[in-house]
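So the structure is just underneath, and the comments pick up after that.
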Amino acid sequence: MTPTPTHPTVPARADDRPAPTTTSEECVIVSAPPLSAGAGNPSADCIADSAGGLTFDLDAPGRAADAHWSAALVLRLRGGEEDEEVRLPLTPNGTGRLRAVLPSTVALPEGRWDVHLDCGEETPRRLLPGLADLRSLIDRRPGPSTSPLAVRIPYATKHGNLSLRSWQRAPHAEAGDVLVDPDGITVRGTLHRVEDPGAWLAGAVVEARCRRAGLTVTVPLTAAEGQDFAFALPFAGLCEEWRGGPQVWDLWLRGPEGTPVRLARILDDVADKKHVFVYPARDVTAPHAPAQAGPYYTADNDLSVRVVERPPAAGR
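Structure representation (structure tokens):
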């Protein structure tokens with residue numbers, strides 16, 4: 000079965016603090032109108048293009064309107080070094096408006112980047128999310144290339160600050176439909192950023208790698224045509240060596256020369272899949288004990304399978 004996207008409220012965590020900084024791992028999708036005036040920090044509208052670039056537009060707040068030549072949008076990598084930032088010059092864009100552009104050609108390492116406004120004479124302030132036009136990211140199909148695939152998705156943190164989720168991958172295996180049946184999962188995907196996808200997939204296999212036990216389960220592709228591929232992964236093989244407790248298996252596509260490519264879903268407008276695309280777990284008869292297994296997306300939007308002990312039946 001396929002999941003029904005939902006947008007649940009994620010409880011706040013102690014490490015996600017209000018402006019000027021936020022370190023939350025979770026987010027909500029930027030789709031609401033700008034926050035009302037007087038909310039404190041200024042807000043920025045975002046427009047995404049299909050190549051991975053972003054344009055930021057904002058009302059020039061006070062001092063920035065008079066000193067726009069030195070004003071900049073500053074992206075800071077969360078958890079990175081103090082000087083790990085990208086500065087984007089702000090230039091006039093109509094009366095009282097400023098614009099900054101993040102081209103797809105500017106390298107932005109994977110991670111979460113907090114967005115600040117620096118007017119030159121004061122401490123940079125966190126920006127709030129305004130309107131977001133992310134239509135070009137929906138069902139994105141990158142063109143042929145071997146350069147790293149750039150993906151940047153703006154989102155609002157739980158405390159209302161603007162941040163970006165960034166990925167930089169080459170090659171990239173995009174997960175598509177994930178079907179869950181009683182015995183396992185069937186996954187369809189698309190390979191990007193290799194010179195000859197058909198030849199690459201001709202000798203490829205899928206590996207499920209266990210984080211805890213260092214085990215690997217390998218299955219062949221069931222279909223491969225052009226960039227597109229499919230595979231089936233039975234739950235029974237993942238549960239043979241399971242000895243209780245949560246066990247996570249990360250899914251990789253391995254090419255004919257041994258190149259491992261993590262399966263992930265990043266080519267859309269959803270910054271965090273984990274709480275949006277939710278799949279059911281299935282009962283599995285395992286040698287150790289009754290188990291449950293099911294797919295899920297990690298905090299990095301990578302595709303994995305979790306095996307846990309089956310809960311007792313109700314009424315027992």
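Counting from 0, one number per residue, gives the positions in the sequence shown under numbering that gives the first Met the number 0. All residues carry an ideal CB built from backbone N, CA and C; glycine is no exception. Predicted model, so just to flag it, every value in this text is computed and none were measured.
Take D56, set aside five residues on each side of it, and the residues of its chain with a beta-carbon closer than 7 Å to its own are A43, D44, N92, R96 and R98, in chain order.
S165 is classed as buried because its beta carbon has at least 16 other beta carbons within 10 Å across all chains shown.
Note: D113 is bridge-paired with R75 and S162 in the DSSP secondary-structure output.
In the DSSP annotation of this structure, the continuous segment of the beta strand (DSSP E) that includes P289 starts and ends at P289 to Y296. Of all C-beta pairs linking the stretch 200 to 208 to the stretch 150 to 158, fewer than three are shorter than 8 Å, placing the two stretches out of contact. Across the structure, S135 and E240 are spaced so that their CA atoms are roughly 44 Å apart. The way I'd put it, the stretch 202 to 217 does touch the stretch 248 to 261; three or more beta-carbon pairs between them come closer than 8 Å. Between T122 and the set N40, R261, A298 and D58, the nearest pair of CA atoms involves N40.
Beta-bridge partners assigned by DSSP to H171: H191. By the criterion of a C-beta distance shorter than 7 Å, C238 is surrounded in its chain by V283, A285, A290, A292 and V306, once the five residues flanking it on both sides are discounted.
DSSP links L148 through a beta bridge to R168. In the three-state reduction of the DSSP assignment, S49 falls in the coil class. Beyond the five residues adjoining it in sequence on each side, S69 comes within less than 8 Å, by CB distance, of C118 and G119 in the same chain, given in chain order. If you draw a 10 Å sphere on the C-beta of P294, you find 16 or more other C-beta atoms in it, and that means buried. Bounds of the alpha helix (DSSP H) holding L237 are F234 to C238. For A263, the uninterrupted beta strand (DSSP E) segment begins and ends at P259 to A263. The Cβ-Cβ distance between E173 and L266 falls below 7 Å. Distance between L161 and D113, taken at the CA atoms: about 7 Å.
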